[in-house]
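Every number in this note's numbering is 10 more than the matching position in the sequence shown, counting from 1.
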Amino acid sequence: MTDCIFCKIAAGEIPTEKIFEDDNVVAFPDINPVAPVHVIIIPKRHFATTLDMSDEAPELFGSLMKAASDTARKKGIDGSGFRLIFNTNADGGQEIFHVHMHLLGGEPIGRMRER
Ligand code: 5GP
Ligand code: ZN
């Protein structure tokens, strides 16, 4: 999709370190990391939200998980642990409307709090 920053990263039009890449998926460091390890994992195909990808290509969630596991091992945080997050739409805090998974680790990420 034109004017989608993550499509441009996937296409190599914006250079970034590629931590993982296969036919369907690419993983790269978040530009504003909130943890010592903060990796963004995206499908190369453009879907605005997890809702769209669930409808059109749910199998790609498996590809994202495979990339997350590979990335966690590569970064040496498979044993210490990590958190995977998808933000969807406004209340989920989604800012970039190209499906992406956040992989966070390298320190305790903190518990989700009761309200
Ligand atoms: P969201 O809030 O949409 O789930 O998260 C978007 C994430 O993408 C944010 O953590 C933000 O720091 C990251 N991000 C935004 N623009 C860029 C960029 O141009 N390059 C990289 N590597 N990360 C980006
Ligand atoms: Zn896109």
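Ideal Cβ placement from N, Cα and C applies to all residues, glycine included.
Inset, instruction - Taking only the alpha-carbon atoms, compute the straight-line gap between residue 115 and residue 48 and give it to the nearest angstrom. - result: So the two alpha carbons sit approximately 7 angstroms from each other.
Inset, instruction - Identify whether residue 50 lies in helix, strand or coil by the three-state DSSP scheme. - result: Residue 50 falls in the strand class under three-state DSSP.
Legend entry - Assigned secondary structure, residue 31 (DSSP; H/G/I helix, E/B strand, else coil): Correct three-state label for residue 31: strand.
Inset, instruction - Taking 8 angstroms as the threshold, find out whether the stretch 44 to 61 comes into contact with the stretch 105 to 120 through three or more Cβ pairs. - result: Counting Cβ pairs under 8 angstroms, three or more are found: they touch.
Legend entry - residue 95, DSSP secondary structure in three states: If DSSP states are grouped into helix, strand and coil, residue 95 belongs with the strands.
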